[in-house]
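Visitor: This is the structure, below, for whatever I ask next.
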Amino acid sequence: DARVTQTPRHKVTEMGQEVTMRCQPILGHNTVFWYRQTMMQGLELLAYFRNRAPLDDSGMPKDRFSAEMPDATLATLKIQPSEPRDSAVYFCASGLVVGSGDAEAFFGQGTRLTVV
Amino acid sequence: GQSLEQPSEVTAVEGAIVQINCTYQTSGFYGLSWYQQHDGGAPTFLSYNALDGLEETGRFSSFLSRSDSYGYLLLQELQMKDSASYFCAVRALGGSQGNLIFGKGTKLSVKP
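Chains as they are written, first to last, in our numbering: chain A, 1 to 116; chain B, 1001 to 1112.
So, in structure tokens, the structure goes:
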């Protein structure tokens, strides 16, 4: 049963602390997305990787956020230092992009982050 | 860039038909997708329109008109379990090829 796995599912941390969220994409998928979801902003794209290369991270606050794919089985999103406004649900999604033939993204269950 | 507009909320009764519209402004995209998200859950893929016209998958249908920059999701024979948020999304052409941008979502409430 192929699925995207995110850890941790929940994280409560104090302002100023570093937060690292991890994602294991579905084996064989060549794209990974990181989204942040809040009531006000909906699903905001933070970063997009294709074949492990970052193609778009324009939606990510660069001063505190960083996203990497150290290998094909792991994507990370790091916030340092964290702030209360970062409280949100962070979703990782993966997909197989082959020209225009496939547009489906498979989402993980998300990491619910609370910064106090 | 891309932007997608959807109504924020829609209410309908069980057994009815509801249409959720999505209008977009984009410089170019591969196709229009729809995702469903239940409260506390993750978005899940519903349908994809690469070409203009209607795509049908069971009780759900999706439509795209590129000339009108418009699409919709049609839900028939509504059930209580259809209460969820529905998002339209486009995959961008160009430098961010494959980038997937979502609308803000439409919260559907199905009443008995």
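For every residue, glycine included, the Cβ atom is placed at its ideal position computed from N, Cα and C.
Note that this is a predicted model, so its numbers are computed, not measured.
What does G28/A touch in chain B if you count any residue whose Cβ is under 9 angstroms from its own?
Guide: Near G28/A there are no residues of chain B at all, since even the closest Cβ is about 15 angstroms away, more than 9 angstroms.
Visitor: For S82/A and T111/A, I'd like the C-alpha separation in whole angstroms.
Guide: 14 angstroms
Visitor: Along the segment 80 to 111 of chain A, where does the CB come closer than 7 angstroms to a CB of chain D? Name the residues.
Guide: Of the protein chains in the structure, A and B, none is chain D.
Visitor: Only counting runs of 3 or more residues, tell me where the beta strand (DSSP E) segments fall wholly within the segment 1032 to 1086 of chain B, in order along the chain.
Guide: 1044 to 1049, 1053 to 1057, 1060 to 1065, 1070 to 1075
Visitor: With burial defined as no fewer than 16 other Cβ atoms inside 10 Å of the residue's Cβ, what is the status of V4/A: buried or exposed?
Guide: buried
Visitor: Distance check for A75/A and Y1030/B, CA to CA, integer angstroms please.
Guide: 25 angstroms
Visitor: When Cβ atoms are compared, which residues of the segment 1043 to 1056 of chain B fall closer than 8 angstroms to chain A?
Guide: P1043, T1044, F1045, Y1048, A1050
Visitor: Quick one: residues in its chain with C-beta nearer than 8 angstroms to the C-beta of V1010/B, no 5 flanking neighbours on either side, listed in chain order?
Guide: V1018, I1020, T1106, K1107, L1108, S1109
Visitor: Looking only at its own chain, which residues have a Cβ that is under 7 angstroms from the Cβ of A1084/B, when we skip the five neighbours before and after it?
Guide: Q1036, Q1037, H1038, L1108
Visitor: Does the distance from the CB of D86/A to the CB of V116/A come in under 8 angstroms?
Guide: no
Visitor: Is any non-hydrogen atom of the ligand NAD found closer than 7 angstroms to the C-beta of V97/A, if you look at the structure I gave you?
Guide: The ligand NAD is not part of the structure shown, which contains no ligands of any sort.
Visitor: Counting only Cβ-Cβ distances shorter than 7 angstroms, please list the residues of the segment 1071 to 1089 of chain B near chain A, keeping chain order.
Guide: F1087
Visitor: Check for me: the beta strand (DSSP E) holding R50/A runs from which residue to which?
Guide: 42 to 50
Visitor: By a C-beta neighbour count over all protein chains shown, 10 Å radius and 16 as the cutoff for buried, is Q1025/B buried or exposed?
Guide: It counts as exposed.
Visitor: Compute the Euclidean distance between the alpha carbons of S70/A and R50/A, then round it to the nearest angstrom.
Guide: Residue 70/A is actually Pro in this sequence, not Ser. So the two alpha carbons sit approximately 13 angstroms from each other.
Visitor: On the DSSP letters alone, give me the boundaries of the beta strand (DSSP E) that M39/A sits inside.
Guide: That residue, M39/A, is in no beta strand (DSSP E); it is neither H nor E in DSSP.
Visitor: Answer with yes or no whether the minimum CB distance from L45/A to chain B is below 8 angstroms.
Guide: yes
Visitor: Take L27/A as the anchor and find which of R52/A, Y90/A, D56/A, A88/A has the nearest alpha-carbon.
Guide: R52/A
Visitor: Return the bridge partner residues of A1092/B from the DSSP annotation.
Guide: According to DSSP, which records beta bridges pairwise, A1092/B is partnered with F1029/B.
Visitor: Counting only beta-carbon atoms, is I1101/B nearer than 8 angstroms to chain A?
Guide: yes
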